[in-house]
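Each residue of the sequence shown is one higher than the one before, starting from 16 at the first, in our numbering.
Heads up, the thing below is written out as structure tokens.
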Amino acid sequence: MKYQTKIAALAIVIALIMPARVASQGMPVYDNTNFISLAKSLIESAKQTSQLLKTVDFLKQQKENLEKVNNVVKQLKAVQEITENNQRLFDIVRDDLREILNSPYIKPEEVTRISDSFNSIIENSLEDLDFIDQILSSDYLKMTDAERAAILKEKEMNSKEMVAEINQKTQRYRDIISFREMQDKINKRETDY
């Protein structure tokens with residue numbers, strides 16, 4: 016009885032697994048050449064995929080290298096611009112401030128205030144230069160090149176603003192001198208009425 020139950024169960028499983036037509040036609044025949052061809056194709060595809068992954072890794076590395084070089088170039092340009100702006104500041108203070116302070120139309124009590132306003136800009140400029148030196152000469156706060164470039168770009172904008180501010184102050188004092196000079200000429204002119 017045990018064997019009959021097992022055989023009946025096996026017959027049911029076979030009947031469920033195989034469709035009626037296949038069961039009546041016998042076992043299917045497989046073509047081994049298709050299987051071998053498929054295996055060769057899979058192996059070749061795996062080789063190509065592996066090579067493609069190596070190429071992608073290489074391109075990623077080259078992109079990172081280009082970004083590093085790009086950040087260094089940005090840093091150099093920013094430092095160059097900051098240096099040029101600071102040189103302009105010093106030139107303006109050296110030449111124009113001397114001219115303004117030597118003018119007979121600047122009152123003695125104004126000399127200190129004018130000098131202090133120019134000195135504060137120069138001091139800010141020197142502090143920025145010290146900070147830039149720290150950023151470039153040490154591994155400041157473990158910064159990346161991109162972060163360092165961003166800070167340098169910000170300092171570059173600050174230096175441009177300082178140049179604009181000192182130019183504006185210089186122009187304002189020149190306008191004051193010009194106005195006072197014109198006033199003096201008007202007050203000293205002779206009247207022939």
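Glycine is no exception: its CB is placed at the ideal position from the N, C-alpha and C atoms.
Nearest candidate by alpha-carbon position, reference residue i, set the options
i: Asn117; options: Met197, Arg189 and Lys203; result: Arg189
i: Ile121; options: Asn182, Ile166 and Arg195; result: Arg195
i: Val88; options: Leu167, Asn182, Val71 and Ser52; result: Leu167
i: Asn173; options: Asp110, Asn49 and Val94; result: Val94
i: Lys92; options: Ala165, Ser193 and Leu81; result: Ala165
Buried versus exposed, by CB contacts within 10 Å (16 or more), residue i
i: Ile115; result: buried
i: Arg163; result: buried
i: Phe133; result: buried
i: Lys170; result: buried
i: Ile201; result: exposed
i: Gln228; result: Outside the shown range of the chain (16 to 208) lies residue 228, about which nothing can therefore be said.
For residue i, three-class secondary structure by DSSP
i: Asn49; result: helix
i: Asn139; result: helix
i: Ala38; result: Low per-residue confidence applies at Ala38: pLDDT is 47, beneath 50, and the placement is therefore not dependable enough to give any value.
i: Arg109; result: helix
i: Arg187; result: helix
i: Arg195; result: helix
i: Arg212; result: No information on residue 212 is available, as it lies outside the stretch 16 to 208 that the chain covers here.
(message) Can you confirm whether the stretch 99-106 touches the stretch 160-178 when touching is taken to mean that 3 or more C-beta pairs between the two stretches lie within less than 8 Å?
(response) yes
(request) Run through the stretch 52-81 for me and flag every whole beta strand (DSSP E) of 3 or more residues, listed as ranges in chain order. (result) none
(message) Quick check for students: name the residue ranges of the alpha helix (DSSP H) that lie wholly in the stretch 113-173, counting only runs of 4 or more.
(response) 113-116 and 123-152
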